[in-house]
Amino acid sequence: MKRNLEYIIGLETHVQLNTKSKLFCSCKNVASLKEEPLPNTYVCETCLGMPGSKPVVNEKVIEYALKVALALNCKINKDFFFSRKVYFYPDLAKNYQITQYEIPVGYDGYVVVNGKKIRIKRVHIEEDPAKIVHKKDYTLVDYNRSGVPLLEIVTEPDISSAEEARAYLFKLKQILEYIGVYDASTLAVFKSDANISIKGMERVEVKNITGLKEVEIALKYEMLRQKQQVLQGRNVARETRRWDETAKVTRAMRTKEEEEDYGYILDGDLPAVKVDYNFLKELSSKLPELPDEKLQRFVKQYGLKEKTAESLISEREIADLFELAVKEGISVKEAATWIGRVIKKILNYHATSYKASGFKDEWVIETIKAYESKKYSDATTEQILRKMFEDSLPLKELVKKYGFKEMVSSDDALKAIALEVIEENKKAVQDYRTGNEKALDFLVGKIMAKTKGSADPKKARDVLKEVLK
Ligand SMILES: [Zn+2]
Numbered sequence: 020m021k022r023n024l025e026y027i028i029g030l031e032t033h034v035q036l037n038t039k040s041k042l043f044c045s046c047k048n049v050a051s052l053k054e055e056p057l058p059n060t061y062v063c064e065t066c067l068g069m070p071g072s073k074p075v076v077n078e079k080v081i082e083y084a085l086k087v088a089l090a091l092n093c094k095i096n097k098d099f100f101f102s103r104k105v106y107f108y109p110d111l112a113k114n115y116q117i118t119q120y121e122i123p124v125g126y127d128g129y130v131v132v133n134g135k136k137i138r139i140k141r142v143h144i145e146e147d148p149a150k151i152v153h154k155k156d157y158t159l160v161d162y163n164r165s166g167v168p169l170l171e172i173v174t175e176p177d178i179s180s181a182e183e184a185r186a187y188l189f190k191l192k193q194i195l196e197y198i199g200v201y202d203a204s205t206l207a208v209f210k211s212d213a214n215i216s217i218k219g220m221e222r223v224e225v226k227n228i229t230g231l232k233e234v235e236i237a238l239k240y241e242m243l244r245q246k247q248q249v250l251q252g253r254n255v256a257r258e259t260r261r262w263d264e265t266a267k268v269t270r271a272m273r274t275k276e277e278e279e280d281y282g283y284i285l286d287g288d289l290p291a292v293k294v295d296y297n298f299l300k301e302l303s304s305k306l307p308e309l310p311d312e313k314l315q316r317f318v319k320q321y322g323l324k325e326k327t328a329e330s331l332i333s334e335r336e337i338a339d340l341f342e343l344a345v346k347e348g349i350s351v352k353e354a355a356t357w358i359g360r361v362i363k364k365i366l367n368y369h370a371t372s373y374k375a376s377g378f379k380d381e382w383v384i385e386t387i388k389a390y391e392s393k394k395y396s397d398a399t400t401e402q403i404l405r406k407m408f409e410d411s412l413p414l415k416e417l418v419k420k421y422g423f424k425e426m427v428s429s430d431d432a433l434k435a436i437a438l439e440v441i442e443e444n445k446k447a448v449q450d451y452r453t454g455n456e457k458a459l460d461f462l463v464g465k466i467m468a469k470t471k472g473s474a475d476p477k478k479a480r481d482v483l484k485e486v487l488k
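Residue numbers (the numbering used here): 20 to 488.
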């Protein structure tokens, strides 16, 4: 038995788009909200599937889908229609889901992940079903989610590890955020189904993995499970499994239901869609600079190291903040350090994004400017930014609230403190006068302690030397 097994992974990801209303009715799209609403509060006869109700397609969803297909380097189908995927389950009251089966909006695209091309097989629009809530003795249905616009983005089986799957999803999420069709600060989710097989073996589908980190965990589990089967001399059975997020295991669901098992029929309620060539051209020309291009430009234009540029472009809003800071006169070096390193560190620690945080561009820029003009020390500036994140207040208010000390920079103030230190540390002064340079470090340390770190150490050293002459 070969020790290193080769894994073949493909992902089908469902992304809830952040349009204002649902896909086929004017109900509010609950995925665009920040807080979970009460069950069954955003519903109408269409998303409840009542007989006689008629769906009307939300044009914004088509626009978003086209933008995604363009951003993922897909070919575009300019004529498409909607189909009904027929199945009987209470999460869709009308007993079918409106989706695109025969002709997707986009196909044959790719995403570059760590230098490797992951091919995109198709991008299509479909409606989200309702949410089923299983209780001990009964089951509830929440139709708020019924009709929420989804994009299904399917890769070719080009992914070869759990880490790569996560990196792909990170990139996908980043692109969708850049073009403004997905917002991580809302209830909208990324849900993936994964197809995993060991080369030469049967394929297993793992359903219902939410988020990015979870995909990595689920795939690692499933790969190990399949490997053990193979090592025990058994074949991996072709099946569909479900990811149990609580137990962190995959569980067998049912024997594989082929796509063809579903009845797909044309949806006669919805007209075919014709995408106007000029509209598509305009969409394409209005696409913002995408992460890969921005990364290259940042490296070239600002002379940044690739790793620093990567951190700055991780979120569009952070990249914009960096460029604004530089435009406003902050040096590239300080802007990159404070935004790409310190602010990113604060956001990562709280597992949030700049967009969702309480930071405001002008507050951050004002703070970095104050640092550059030597008003605040390194440590104080970092403290200010931490508090700015926590309290969502401008610099002035934070100084008022926490009494952040300005750097002791005037020569007179420093001289007065130096004289105090000299008076209190006669032995060190003596040592310094007899040629022990290290004693000077000690005295500088005393000044730093007295000023609670708010003196410029180099300046403190100069002042001490001057006074001790
Ligand atoms: Zn509705």
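Note that beta-carbon positions come from the ideal geometry of N, C-alpha and C, so glycine has one too. Since we're looking at a predicted model, the values are computed, not measured.
Counting only residues of its own chain and dropping the five nearest sequence neighbours on each side, M242 has a CB closer than 6 Å to the CB of Y26. Residue state for G359 is assigned as helix, using DSSP reduced to three classes. With 16 or more other CB atoms across the displayed protein chains lying within 10 angstroms of its CB, D212 is buried. Among the bridge pairs identified by DSSP, D161 is matched with K150. Short of 6 Å from the beta carbon of A375, and not among the five residues preceding or following it, lie these beta carbons of its own chain, in chain order: S204.
Check the Cα spacing between E456 and each of L487, D475, V427, L433: the tightest is with L487. Separation of the CB atoms of H33 and E171 is rounded to 5 Å, and the pair is thereby assigned contact status at 8 Å. Your pair I358 and K388 does not check out as a contact, with CB atoms roughly 13 Å apart and the cut at 8 Å. Closer than 7 Å to some heavy atom of ligand 1: that does not describe the Cβ of G282. With a cut-off of 7 Å, the C-beta of V62 is classified as near ligand 1, since at least one heavy atom of the ligand falls inside that distance. Residue P109 holds the alpha-carbon nearest to the alpha-carbon of T158 among E145, I144, P109. For ligand 1, a non-hydrogen atom lies closer than 7 Å to the CB of T65.
The beta carbon of Q251 lies closer than 7 Å to none in the same chain, with the five residues before and after it left out. Note on geometry: alpha-carbon atoms of E401 and I365 lie some 9 Å from one another.
The DSSP-derived three-state label of S40 is strand.
If you draw a straight line from the Cα of E329 to the Cα of K363, it is about 11 Å long. Straight-line measurement puts the Cα of V249 at about 22 Å from the Cα of D177. Looking at V482, V173, Q116, K155, the one whose alpha-carbon comes closest to that of I137 is V173. Around the CB of E145, 16 or more other CB atoms lie within 10 Å, so the residue is classed as buried. For D460, there is no enclosing beta strand (DSSP E); the residue is part of the alpha helix (DSSP H) that begins and ends at 457-469.
In this structure, the alpha-carbon of L285 lies about 36 Å from that of S179. Of V132, I441, K140, E381, the smallest CA-CA separation from I194 is found for V132. Of the candidates T65, L36, F99, E224, E224 places its Cα closest to the Cα of M272. For Y240, the enclosing alpha helix (DSSP H) has its first and last residue at 232-250. By the beta-carbon neighbour count (other beta carbons within 10 angstroms, threshold 16), E334 is buried. The segment 161-170 makes no contact with the segment 216-231; the number of CB pairs closer than 8 Å stays below 3. Ligand 1 never approaches K79 closely enough for any of its heavy atoms to be under 7 Å from the residue's Cβ. Not one heavy atom of ligand 1 is found less than 7 Å from the C-beta of G322. A contact is defined here as three or more CB-CB pairs under 8 Å, and the segment 291-299 meets this definition with respect to the segment 82-102. The alpha helix (DSSP H) runs of length 4 or more contained entirely in the segment 23-98 are, from start to end of the chain, 78-90.
Per DSSP, F189 is one residue of the alpha helix (DSSP H) stretching across 181-197. About 5 Å separates the Cβ atoms of G166 and L42, confirming a contact at the 8 Å cut-off.
Checking the 7 Å criterion, the Cβ of G166 is within range of a heavy atom belonging to ligand 1.
With contacts defined by Cβ atoms closer than 8 Å, I228 and K267 do not form a contacting pair.
Contact check between the segment 73-86 and the segment 41-59: three or more CB pairs, one atom from each, fall below 8 Å, which counts as touching. S51 is classed as buried because its beta carbon has at least 16 other beta carbons within 10 Å across all chains shown.
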